[in-house]
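**Q** In this text, residue positions in the sequence shown follow the working numbering: the first is 116, and each later residue adds one. I am attaching a structure below and will ask some questions about it afterwards.
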Amino acid sequence: MKKQFAVIGLGRFGGSVCKELYSMGHEVLAIDTNEDKVNEFANYSTHAVIANVTDENTLLSLGIRNFEHVIVAIGDNIQASILCTLLLKELNVSQVWVKAQNNYHHKVLEKIGADRIIHPEHDMGVRIAHYLVSEKIIDYIELSPDYSIMELIASNKVANRTIFELDIRAKYGCTILGIKRGEEVIITPFPDELILDKDILILIGHNNDLKRFEDESL
């Protein structure tokens, strides 16, 4: 289903989000104070406009209330990011996702009601660190400080055994969400599903349990 998004701030992060949403067929309003940026993204958005998003009347004139999702990706101007987020929530925008610059910025965004706070550099740093320390990890998504989703390559220790035989949930407290096998993705596989060598297992669990499974079973 086609959705309507507004992306405020067209730097590296906001620009990437804007392009990807537009390429997926959604309607995207791209907003920045920099004319060159707006011109650059005119071909990667439904509408691209120069606007001061710290002004309530400007936001109203853009019809921002009609957008269910607004992504605030303002670069280094923390004050503008905070004020824009506050105005969006006061205008009853349902989902306001904001890029945070640091922990202080994060705390303020939490208090004024941002629906999701994103730390692109931190999140990517965590993922890269996990890639570096283990050749078995394909992808890593931190859900909270304690829980994560991890993609791991199945080794010969688990290959040619069923999920039931491995009993990963009972032994390690982890749950297999899916299996990637070439171009195929098996979602919520049945207990009798046979794991093949080089399958990619998608698991969710406590970080300690995932690490224990990685060390002992792969």
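Even glycine gets a Cβ: it sits at the ideal position worked out from N, Cα and C.
#1: Taking 7 angstroms as the limit between beta carbons, can you name the residues of its chain near His221, skipping five residues before and five after?
#2: Can you check the segment 251-275 for any alpha helix (DSSP H) of at least 4 residues that lies completely inside it and give the ranges in chain order?
#3: Identify, in the order they occur along the chain, each residue of the same chain with its Cβ nearer than 6 angstroms to the Cβ of Tyr137, setting aside the five sequence neighbours on each side.
#4: What is the rounded straight-line gap between the Cα of Asp261 and the Cα of Asn322?
#5: Around the Cβ of Ala269, are there at least 16 other Cβ atoms within 10 angstroms (buried) or fewer (exposed)?
#6: Below 8 angstroms CB to CB, which residues in the same chain sit around Leu206 once its five sequence neighbours on both sides are set aside?
#7: On the CB-based measure, 16 or more other CB atoms within 10 Å of its CB, does Phe156 come out buried or exposed?
#8: Would DSSP call Lys295 helix, strand or coil?
#9: Tell me which residue opens and which closes the alpha helix (DSSP H) that Ile197 is part of.
#10: For Val273, which of Ala195, Leu333, Glu183 has the nearest alpha-carbon?
#11: Among residues of its own chain, excluding the 5 on either side of Cys199, which ones have a beta-carbon nearer than 7 angstroms to its beta-carbon?
#12: Which same chain residues end up closer than 6 angstroms to Ile308 when comparing Cβ atoms and leaving out the 5 residues on each side of it in sequence?
#13: Keeping to the same chain, check which residues put their C-beta closer than 6 angstroms to that of Leu201; ignore five residues upstream and five downstream.
#14: Considering Cα atoms alone, identify which of Leu177, Glu236, Leu224 is closest to Ile146.
#15: What number of angstroms, rounded off, separates the C-alpha of Gly126 from the C-alpha of Gly240?
#16: To which residues does DSSP link Ala163 through a beta bridge?
#17: Under 8 angstroms Cβ to Cβ from Thr290, same chain only, skipping five residues before and after it: list those, please.
#18: DSSP has His184 in a bridge; who is on the other side?
**A** In short, the structure shows the following:
#1: Reading the sequence shown from its first residue, position 106 is the one you call residue 221. Closer than 7 angstroms at the Cβ level, and outside the excluded window around His221, lie Ala215, Ile232.
#2: none
#3: Here residue 137 refers to the residue found at position 22 when the sequence shown is read from its first residue. Excluding sequence neighbours, Tyr137 sits near Val143, Tyr159, Ser160.
#4: Looking up residue 261 in the sequence shown gives position 146. Looking up residue 322 in the sequence shown gives position 207. Roughly 6 angstroms separates the two Cα atoms.
#5: For this step, residue 269 is matched to residue 154 along the sequence shown. Buried.
#6: Along the sequence shown, one-based indexing puts residue 206 at 91. Closer than 8 angstroms at the Cβ level, and outside the excluded window around Leu206, lie Glu171, Leu174, Leu175, Ile179, Arg180.
#7: As a first step, residue 156 must be located in the sequence shown, where it is residue number 41. Buried.
#8: Locating residue 295 in the sequence shown gives position 180, where the first residue counts as 1. The answer is strand: DSSP assigns Lys295 an E or B state.
#9: Counted from its first residue, the sequence shown places residue 197 at position 82. Its alpha helix (DSSP H) spans residues 193-205.
#10: The count along the sequence shown starts at 1 and reaches residue 273 at position 158. Taking only the C-alpha atoms, the option nearest Val273 is Leu333.
#11: Position 84 of the sequence shown, counting from 1, holds the residue named residue 199. Cβ within range, chain order: Ile123, Val168, Thr169, Val187, Ile189.
#12: To locate residue 308, count along the sequence shown from 1; it is residue 193. One point to set straight first is that residue 308 is Glu, not Ile, in the sequence displayed. So the qualifying residues of the chain are Ile278.
#13: For the purposes of this step, residue 201 is identified with residue 86 of the sequence shown, where counting begins at 1. Beyond the five residues adjoining it in sequence on each side, Leu201 comes within less than 6 angstroms, by CB distance, of Ile227 in the same chain, given in chain order.
#14: Translated into the one-based positions of the sequence shown, residue 146 becomes position 31. Nearest of Leu177, Glu236, Leu224 to Ile146, Cα basis: Leu177.
#15: In the sequence shown, residue 126 corresponds to position 11, counting from 1. In the sequence shown, residue 240 corresponds to position 125, counting from 1. Distance between the alpha carbons of Gly126 and Gly240: 19 angstroms.
#16: Walking along the sequence shown from the start, residue 163 turns up at place 48. In DSSP, Ala163 forms a bridge with Ala145.
#17: Here residue 290 refers to the residue found at position 175 of the sequence shown. Contacts found: Ile283, Arg284, Leu318, Ile319, Gly320.
#18: For the purposes of this step, residue 184 is taken as the residue at position 69 of the sequence shown. According to DSSP, His184 bridges with Phe120, Gln210.
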